[in-house]
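Novice:
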């Protein structure tokens, strides 16, 4: 970036040269990092930083869901969650687990992003045992939307319940 | 510096080439020596901050993000984990030892090597750490409590989580989730998971443990 034409006294000034000089000053969007003074950029200049977690959505499915042998979808099937592509996504899952009369349960609570099961919580508790379940998972988004779902994989007698499952989705605009 | 036009050019005025060029040079100089006064607040997006590689450490004072020793992809089909450090598949081997921290390992045996998350920071950086996994307690004969904790550079983070199971004939399992925010100074960082059984006689193991660290360096 520099002034394009030097205009000297006595020059027959060309409007085109004056215009070119002005135009050369508009190239501020070409500034590279070598032209920025060390330490001159302060956090106030940064529009969005990764600690700005924003709650994108809360996926809920209030109710009581008994376990079963096989898959029970708790949350899923809705539209995919819009996120900031290449930004971080933080998922917080909450649910209540309640043991019912019977032997040990066998519950696998699975969090999936798209078709990929990313976290599995194994819960096998006795009939008198309840659990306030929570877990977190973070990943870097690679699309504008991601389907996020929660299900149960039961392999034994369905002597447990999942109550009021929730998925909170937070994201950062990178 | 801000650029402030000093010479006022008015319609019909006599052109002064020297004055005109001085004004051009002043404007050009203002752009060449950009400093904080030339940058509008909130005008720089985080994604434009530069990685503090060797060639630009000079410019790393306020705009760097953490250099990382990428451990493992956080998502099997996604791009590189630009912001998230992640370690999956940590075990705490089956043990009956009580009241002693058992640190995460690369396999289910006590002789397996330690498995931890290691990375390096170049600026003081706020970090969000989390760990989650499953605790198994086989054949519990009495109520069993397991305390889980994230260790940072060999020291407990101070935010433990204790989970427990009642006496059961089979293998009881439960899930734990730890969440911690900490400001780490520049240097090498080691984040570990560890668990400790309290005084009951049963054994326990932790499986499918993952540890993650998300840095917020500017």
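Chains as they are written, first to last, in the working numbering: chain A, 325 to 498; chain B, -17 to 200.
Beta carbons: idealized from backbone N, C-alpha and C, even for Gly.
1. Going by beta carbon distance, what residues of the same chain come within less than 7 Å of residue 399 of chain A, once the five residues before and after it are set aside?
2. Quick check on the burial criterion: 16 or more other C-beta atoms within 10 angstroms. Buried or exposed for residue 483 of chain A?
3. Closer than 7 Å, Cβ to any Cβ of chain A: which residues of the stretch 109 to 129 of chain B, in chain order?
4. Where does residue 19 of chain B fall in DSSP's three states?
5. Would you identify the three-state DSSP class for residue 342 of chain A, choosing helix, strand or coil?
6. So who's on the other strand from residue 196 of chain B, going by DSSP bridges?
7. Please state the DSSP three-state secondary structure of residue 1 of chain B.
8. Strictly under 7 Å for the Cβ-Cβ distance: is residue 188 of chain B near chain A by that measure?
9. Just mark residue 52 of chain B as buried or exposed, buried being the case when its beta carbon has 16 or more other beta carbons within 10 Å.
10. Exposed or buried, which one is residue 468 of chain A when buried takes at least 16 other CB atoms within 10 Å?
11. In chain order, what residues of the same chain lie with their CB nearer than 8 Å to the CB of residue 143 of chain B, ignoring the 5 residues before and after it?
12. Mapping DSSP to helix, strand and coil, what is residue 13 of chain B?
13. Just the chain B side, please: which residues come within less than 9 Å of residue 333 of chain A by C-beta, in chain order?
14. Quick check on the DSSP output: the beta strand (DSSP E) that includes residue 466 of chain A runs from which residue to which?
15. Beta carbons nearer than 9 Å to chain A: which residues of the stretch 163 to 189 of chain B have them?
16. Short check: CB of residue 154 of chain B to CB of residue 122 of chain B, under 7 Å?
17. If you draw a straight line from the C-alpha of residue 457 of chain A to the C-alpha of residue 419 of chain A, how long is it?
18. Taking Cβ-Cβ distances shorter than 8 Å, what residues in chain A pair up with residue 152 of chain B?
19. Short of 6 Å in beta carbon distance, which residues of its chain neighbour residue 72 of chain B, apart from the five on each side in sequence? Order them along the chain.
20. Please say whether residue 396 of chain A and residue 476 of chain A have beta carbons closer to each other than 7 Å?
21. Would you say residue 345 of chain A lies against chain B (beta-carbon separation less than 7 Å)?
22. Would residue 79 of chain B be called buried (16 or more neighbouring beta carbons within 10 Å of its own) or exposed?
23. Assign residue -11 of chain B to one of three DSSP states: helix, strand, or coil.
24. Would you mind sorting residue 92 of chain B into buried or exposed? The rule is 16 or more other CB atoms within 10 Å of its CB.
25. Comparing the C-beta of residue 424 of chain A with each C-beta of chain B, is any distance below 7 Å?
26. Taking 7 Å as the threshold (beta carbon to beta carbon), is residue 459 of chain A in contact with chain B?
27. Since I believe residue 459 of chain A is in contact with residue 114 of chain B (beta carbons under 8 Å), could you give me their beta-carbon distance rounded to a whole number of angstroms?
28. Taking a contact to mean a Cβ-Cβ separation below 7 Å, would you say residue 413 of chain A touches residue 495 of chain A in this structure?
29. Ordered along the chain, which non-local residues of its own chain (more than five positions away) have a Cβ less than 6 Å from that of residue 163 of chain B?
30. Just the chain C side, please: which residues come within less than 9 Å of residue 455 of chain A by C-beta, in chain order?
Specialist: Taking the geometry as given:
1. One-based indexing of the first chain puts residue 399 of chain A at position 75. Contacts found: 383, 385, 473, 474, 489, 491.
2. As a working mapping, residue 483 of chain A is identified with position 159 in the first chain. Counting every other CB atom within 10 Å of its CB across the protein chains shown gives residue 483 of chain A a total of 16 or more, marking it as buried.
3. 112, 114, 116
4. Taking the second chain and counting its residues from 1, one reaches residue 19 of chain B at position 37. Helix.
5. The residue given as residue 342 of chain A occupies position 18 in the first chain. Three-state DSSP puts residue 342 of chain A in a helix.
6. Taking the second chain and counting its residues from 1, the one referred to as residue 196 of chain B is at position 214. Bridge partners of residue 196 of chain B: B:66, B:110.
7. Working through the second chain from its first residue, we reach residue 1 of chain B at position 19. Residue 1 of chain B falls in the helix class under three-state DSSP.
8. Locating residue 188 of chain B in the second chain gives position 206, where the first residue counts as 1. Residue 188 of chain B does not count as touching chain A.
9. For this step, residue 52 of chain B is matched to residue 70 along the second chain. Annotation note: pLDDT 37 at residue 52 of chain B (below 50); position unreliable, no value reported.
10. In the first chain, the residue the question calls residue 468 of chain A occupies position 144. By the 10 Å Cβ count, residue 468 of chain A comes out exposed.
11. For the purposes of this step, residue 143 of chain B is taken as the residue at position 161 of the second chain. Excluding positions up to five away in sequence, the list reads 129, 130, 131, 158, 159, 160.
12. Sequence index remark: in the second chain, residue 13 of chain B carries index 31 (1-based). Residue 13 of chain B falls in the helix class under three-state DSSP.
13. Counted from its first residue, the first chain places residue 333 of chain A at position 9. Within chain B, the residues near residue 333 of chain A are -2, -1, 0.
14. Residue numbering aside, residue 466 of chain A sits at position 142 when the first chain is read from its first letter. It is not in any beta strand (DSSP E) - residue 466 of chain A carries neither H nor E in the DSSP assignment.
15. The stretch 163 to 189 of chain B vs chain A, Cβ under 9 Å: 189.
16. Against the second chain, residue 154 of chain B aligns to sequence position 172. Against the second chain, residue 122 of chain B aligns to sequence position 140. Yes; because the gap between Cβ atoms is below 7 Å, this pair is in contact.
17. Counting from one through the first chain, the residue named residue 457 of chain A turns up at place 133. Counting from one through the first chain, the residue named residue 419 of chain A turns up at place 95. Roughly 5 Å between the two C-alpha positions.
18. Here residue 152 of chain B refers to the residue found at position 170 of the second chain. Here the neighbours are 427, 428, 448.
19. Walking along the second chain from the start, residue 72 of chain B turns up at place 90. Result list for residue 72 of chain B: 86, 97, 175, 191, in chain order.
20. Locating residue 476 of chain A in the first chain gives position 152, counting from the first residue. Locating residue 396 of chain A in the first chain gives position 72, counting from the first residue. Cβ atoms of residue 476 of chain A and residue 396 of chain A: closer than 7 Å.
21. Counting from 1 along the first chain, the entry for residue 345 of chain A is found at position 21. Taking Cβ atoms only, chain B reaches closer than 7 Å to residue 345 of chain A, which makes this a yes.
22. Counting from one through the second chain, the residue named residue 79 of chain B turns up at place 97. Exposed: under 16 other Cβ atoms inside 10 Å.
23. Taking the second chain and counting its residues from 1, the one referred to as residue -11 of chain B is at position 7. Residue state, collapsed to three classes: coil.
24. One-based indexing of the second chain puts residue 92 of chain B at position 110. Counting Cβ neighbours within 10 Å, residue 92 of chain B comes out exposed, since fewer than 16 surround it.
25. Counted from its first residue, the first chain places residue 424 of chain A at position 100. No - not a single Cβ of chain B is within 7 Å of the one on residue 424 of chain A.
26. Against the first chain, residue 459 of chain A aligns to sequence position 135. Closer than 7 Å: yes.
27. The sequence position of residue 114 of chain B within the second chain is 132, counting from 1. The sequence position of residue 459 of chain A within the first chain is 135, counting from 1. Confirmed, about 5 Å.
28. Indexing the first chain from 1 puts residue 413 of chain A at position 89. Indexing the first chain from 1 puts residue 495 of chain A at position 171. The answer is yes: Cβ separation under 7 Å.
29. As a first step, residue 163 of chain B must be located in the second chain, where it is residue number 181. For residue 163 of chain B, where only same-chain residues beyond five positions count, the Cβ hits under 6 Å are 110.
30. The question asks about chain C, but that chain is absent: this structure's protein chains are A and B.
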